[in-house]
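*Asks:* Sharing a structure, written as structure tokens. Questions coming.
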């Protein structure tokens, strides 16, 4: 079939369109294509690096002063549309312009994904938590805090079936915290993620259904 | 690419931030995050532009165009669709190949020689470099386990965007043979990466 060429991003436009149309209805092929594309993308990591010259670096960094980023169409639209629709539109725009970079087969709706807010002690949303189910459950946290200094939080997950499980330590540096880990438990049960500080107090939490 | 294991032990400051966190900050218009992102990834983007375009000036233009797209579209990136590095390097390859085809200068070099030159991309901090190195190492190990002819076809396609028909024409092979090597090579890499995945259940 044409799957390897689409995964390697060398298929002709009509063939690629035919494959993408097929995988919309075929979970087996979609999964194979997504895995193939991931492996193919990994090959690009092996390119020999060549440090850019100072002039190139200065050019690129200066270009951002004139080019809009946060005011880009995708971002503007996201504030006007309901959340779910805005995310779909923003992704569609970025896929369209970066042609062939992130084809739609990469999304795996068959694998349950939940995105919920990370809340502080006062119930304010300070970030997002994404729980991806499937064969290898996976937790990603991303939040900001205004307190100064660097902090560590113990990340605990409490679920109905497994009780409490420690999944690692999250480091908040200069107000930004990002944590990503595999989850050693089934995501079929409701789970709560707790971020516990050095005093044993829960600083932040996120609840999944 | 498989998600990394627990990543709590990062060095403090933006230099130790993950690609996803950096890109999210870039998407919010943070120039400091963009600078860190550029310094971390530009060598590989530049290296790819050079091997595709040859001409240093054209390669510089391609690097600039690629990062301009990052600056404009970072806010639309969805981490569920794959890794930041994969997204970025795909864009870099397409920008460079499009430019080379427009100029009529697309030609490939021997991937075996280039592979021996490649090292893991220098990360800004030890944790990030270790993470990037282990990911690249897994792919390299898988790739080097393939027969030369399969490895060659995969790299000619993924790095230079050569179709099966183009590879067949240049290497004087039947198209079916090239397609077969692509299929077998890619399947083998997938299997080996799966086996090497540290997060296997």
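Protein chains in written order, with the numbering used here: chain A, 83 to 291; chain B, 172 to 372. We put the CB at the ideal spot given by N, CA and C, even for glycine.
Please confirm whether residue 100 of chain A has its beta-carbon closer than 9 Å to some beta-carbon of chain B.
*Replies:* Within the first chain, numbered from 1, the residue matching residue 100 of chain A stands at position 18. False, the Cβ-Cβ gap to chain B never drops below 9 Å.
*Asks:* Shortest alpha-carbon distance to residue 315 of chain B belongs to which of B:286, B:337 and B:237?
*Replies:* Here residue 315 of chain B is taken as the residue at index 144 of the second chain, counted from 1. For the residues B:286, B:337 and B:237, the minimum Cα distance to residue 315 of chain B belongs to B:286.
*Asks:* Residues of chain A with a CB under 7 Å from the CB of residue 306 of chain B: which are they?
*Replies:* Residue 306 of chain B sits at position 135 when you count from the first residue of the second chain. The contacting residues are 127.
*Asks:* Using DSSP bridges, identify the partner residues of residue 223 of chain A.
*Replies:* Indexing the first chain from 1 puts residue 223 of chain A at position 141. According to DSSP, residue 223 of chain A bridges with A:211 and A:261.
*Asks:* At a Cβ threshold of 9 Å, is residue 281 of chain B touching chain A?
*Replies:* Here residue 281 of chain B refers to the residue found at position 110 when the second chain is read from its first residue. No, its Cβ sits nowhere closer than 9 Å to a Cβ of chain A.
*Asks:* So, for residue 217 of chain B: in the same chain, excluding its five sequence neighbours on each side, which residues have a beta-carbon less than 7 Å away from its beta-carbon?
*Replies:* Start at 1 with the first residue of the second chain, and residue 217 of chain B comes out as number 46. These residues qualify, in order along the chain: 230 and 234.
*Asks:* With residue 275 of chain A and residue 287 of chain A assumed to form a contact (beta carbons below 8 Å), what rounded beta-carbon distance in angstroms separates them?
*Replies:* For this step, residue 275 of chain A is matched to residue 193 along the first chain. For this step, residue 287 of chain A is matched to residue 205 along the first chain. Between residue 287 of chain A and residue 275 of chain A the Cβ distance is about 6 Å, and since that is below 8 Å, they are a contact.
*Asks:* Ignoring anything shorter than 3 residues, give me the beta strand (DSSP E) runs that lie fully in the region 188–247 of chain B, in order along the chain.
*Replies:* Those beta strand (DSSP E) runs which fall completely within the region 188–247 of chain B and span 3+ residues do not exist here.
*Asks:* Under three-state DSSP, which class holds residue 201 of chain A?
*Replies:* Residue numbering aside, residue 201 of chain A sits at position 119 when the first chain is read from its first letter. Here residue 201 of chain A sits in strand by DSSP.
*Asks:* With residue 214 of chain A and residue 257 of chain A assumed to form a contact (beta carbons below 8 Å), what rounded beta-carbon distance in angstroms separates them?
*Replies:* Translated into positions along the first chain, residue 214 of chain A becomes position 132. Translated into positions along the first chain, residue 257 of chain A becomes position 175. Wrong, their Cβ atoms sit about 26 Å apart, outside the cutoff.
*Asks:* Taking the C-alpha atoms as reference points, what is the distance between residue 94 of chain A and residue 236 of chain A?
*Replies:* As a position in the first chain, residue 94 of chain A is number 12, starting the count at 1. As a position in the first chain, residue 236 of chain A is number 154, starting the count at 1. So the alpha carbons of these two residues sit roughly 49 Å apart.
*Asks:* Could you list the residues in the region 221–236 of chain B with a C-beta less than 8 Å from some C-beta on chain A, going in chain order?
*Replies:* So the list reads 221, 222, 231, 234 and 235, given in the order they occur along the chain.
*Asks:* Could you name the residues that DSSP lists as bridge partners for residue 255 of chain B?
*Replies:* In the second chain, residue 255 of chain B corresponds to position 84, counting from 1. In DSSP, residue 255 of chain B forms no bridge with anything.
*Asks:* Please report the distance separating the alpha-carbon of residue 347 of chain B from that of residue 239 of chain B.
*Replies:* As a working note, residue 347 of chain B is residue 176 in the second chain. As a working note, residue 239 of chain B is residue 68 in the second chain. About 39 Å.
*Asks:* My guess is that residue 310 of chain B and residue 127 of chain A are in contact by the Cβ rule of under 8 Å, so how many angstroms apart are they, rounded?
*Replies:* Mapped onto the second chain, residue 310 of chain B falls at position 139. Mapped onto the first chain, residue 127 of chain A falls at position 45. Yes, residue 310 of chain B and residue 127 of chain A are in contact; Cβ-Cβ is about 6 Å, under 8 Å.
*Asks:* Of all the residues that make up the region 203–217 of chain B, which are near chain A by a beta-carbon distance shorter than 7 Å?
*Replies:* If the cut-off is 7 Å between Cβ atoms, the region 203–217 of chain B has 205, 206, 209, 213, 214, 215 and 217 near chain A.
*Asks:* Please say whether residue 257 of chain B and residue 124 of chain A have beta carbons closer to each other than 9 Å?
*Replies:* Taking the first chain and counting its residues from 1, the one referred to as residue 124 of chain A is at position 42. Taking the second chain and counting its residues from 1, the one referred to as residue 257 of chain B is at position 86. Yes, the pair counts as a contact, with Cβ atoms nearer than the cut-off.
*Asks:* I want to verify the contact list: residues of chain B whose CB lies under 7 Å from the CB of residue 146 of chain A, in sequence order.
*Replies:* Indexing the first chain from 1 puts residue 146 of chain A at position 64. Going along chain B in sequence order, the residues near residue 146 of chain A (Cβ under 7 Å) are 202, 205 and 242.
*Asks:* Thinking C-alpha only, which one of A:219, A:281, A:271 and A:119 is nearest residue 234 of chain A?
*Replies:* Mapped onto the first chain, residue 234 of chain A falls at position 152. Residue A:281 is the option with its Cα nearest to residue 234 of chain A.
*Asks:* Spell out the partners DSSP gives residue 253 of chain A in its beta bridges.
*Replies:* Within the first chain, residue 253 of chain A is the residue found at index 171, counting from 1. Partner(s): A:234.
*Asks:* I'd like to know whether the C-beta of residue 93 of chain A is nearer than 9 Å to at least one C-beta of chain B.
*Replies:* If you number the first chain from 1, residue 93 of chain A lands on position 11. Taking Cβ atoms only, chain B reaches closer than 9 Å to residue 93 of chain A, which makes this a yes.
*Asks:* Take the Cβ of residue 271 of chain A as the centre, count every other Cβ of all protein chains shown within 10 Å, and call the residue buried at 16 or more, exposed below.
*Replies:* For the purposes of this step, residue 271 of chain A is taken as the residue at position 189 of the first chain. That one is exposed.
*Asks:* Output the boundary residues of the beta strand (DSSP E) element that contains residue 343 of chain B.
*Replies:* One-based indexing of the second chain puts residue 343 of chain B at position 172. Careful: residue 343 of chain B lies outside any beta strand (DSSP E) and carries neither H nor E.
*Asks:* Let's test the definition: count the other Cβ atoms within 10 Å of the Cβ of residue 246 of chain A and tell me whether it reaches 16, buried, or not, exposed.
*Replies:* As a working mapping, residue 246 of chain A is identified with position 164 in the first chain. Flag for residue 246 of chain A reads exposed.
*Asks:* With 16 as the cutoff for other CB atoms within 10 Å, does residue 284 of chain B come out buried or exposed?
*Replies:* Residue numbering aside, residue 284 of chain B sits at position 113 when the second chain is read from its first letter. Counting Cβ neighbours within 10 Å, residue 284 of chain B comes out exposed, since fewer than 16 surround it.
*Asks:* Which residues in chain A sit within 7 Å of residue 239 of chain B, going by Cβ to Cβ distance?
*Replies:* Within the second chain, residue 239 of chain B is the residue found at index 68, counting from 1. The answer, in chain order, is 145 and 149.
*Asks:* What residue range is occupied by the uninterrupted alpha helix (DSSP H) comprising residue 85 of chain A?
*Replies:* Your numbering for residue 85 of chain A matches position 3 in the first chain. Where residue 85 of chain A is concerned, the enclosing alpha helix (DSSP H) stretches over 85–89.
*Asks:* Consider the Cβ of residue 139 of chain A: report whether some Cβ of chain B lies at a distance smaller than 9 Å.
*Replies:* In the first chain, residue 139 of chain A corresponds to position 57, counting from 1. Chain B, which has a Cβ nearer than 9 Å to the Cβ of residue 139 of chain A, makes this yes.
*Asks:* List, in order along the chain, the chain B residues whose C-beta lies closer than 8 Å to that of residue 90 of chain A?
*Replies:* Taking the first residue of the first chain as 1, we reach residue 90 of chain A at position 8. Ordered by position in chain B, the residues that pass the 8 Å Cβ test against residue 90 of chain A are 325, 328, 329, 353 and 357.
*Asks:* Is it true that the CB of residue 120 of chain A sits closer than 9 Å to the CB of residue 253 of chain B?
*Replies:* Position 82 of the second chain, counted from the start, is the residue given in the question as residue 253 of chain B. Position 38 of the first chain, counted from the start, is the residue given in the question as residue 120 of chain A. Yes, Cβ-Cβ distance for residue 253 of chain B and residue 120 of chain A is below 9 Å.
*Asks:* Could you list the residues in the region 331–349 of chain B with a C-beta less than 7 Å from some C-beta on chain A, going in chain order?
*Replies:* Those residues of the region 331–349 of chain B that come within reach of chain A (Cβ to Cβ, closer than 7 Å) are 332, 333, 334 and 335.
*Asks:* Okay, do the region 129–143 of chain A and the region 200–210 of chain B touch, 3+ Cβ pairs below 8 Å being the bar?
*Replies:* Segments in contact, yes.
*Asks:* Quick one: which residues of the region 255–275 of chain A get their C-beta closer than 7 Å to a C-beta of chain B? List them in chain order.
*Replies:* From the region 255–275 of chain A, only 255, 256, 258, 260, 261, 262, 263 and 264 have a Cβ closer than 7 Å to chain B.
*Asks:* Less than 9 Å between the beta carbons of residue 142 of chain A and residue 220 of chain B, yes or no?
*Replies:* Residue mapping note: residue 142 of chain A aligns to position 60 of the first chain, counting from 1. Residue mapping note: residue 220 of chain B aligns to position 49 of the second chain, counting from 1. Going by C-beta atoms, residue 142 of chain A is not nearer than 9 Å to residue 220 of chain B.
*Asks:* Please compile the residues from chain B whose C-beta is within a distance smaller than 7 Å of the C-beta of residue 278 of chain A.
*Replies:* Here the question's residue 278 of chain A lines up with position 196 in the first chain. In chain order: nothing, as chain B lies at least about 13 Å away.
*Asks:* Please say whether residue 222 of chain A and residue 204 of chain A have beta carbons closer to each other than 9 Å?
*Replies:* Sequence index remark: in the first chain, residue 204 of chain A carries index 122 (1-based). Sequence index remark: in the first chain, residue 222 of chain A carries index 140 (1-based). No.
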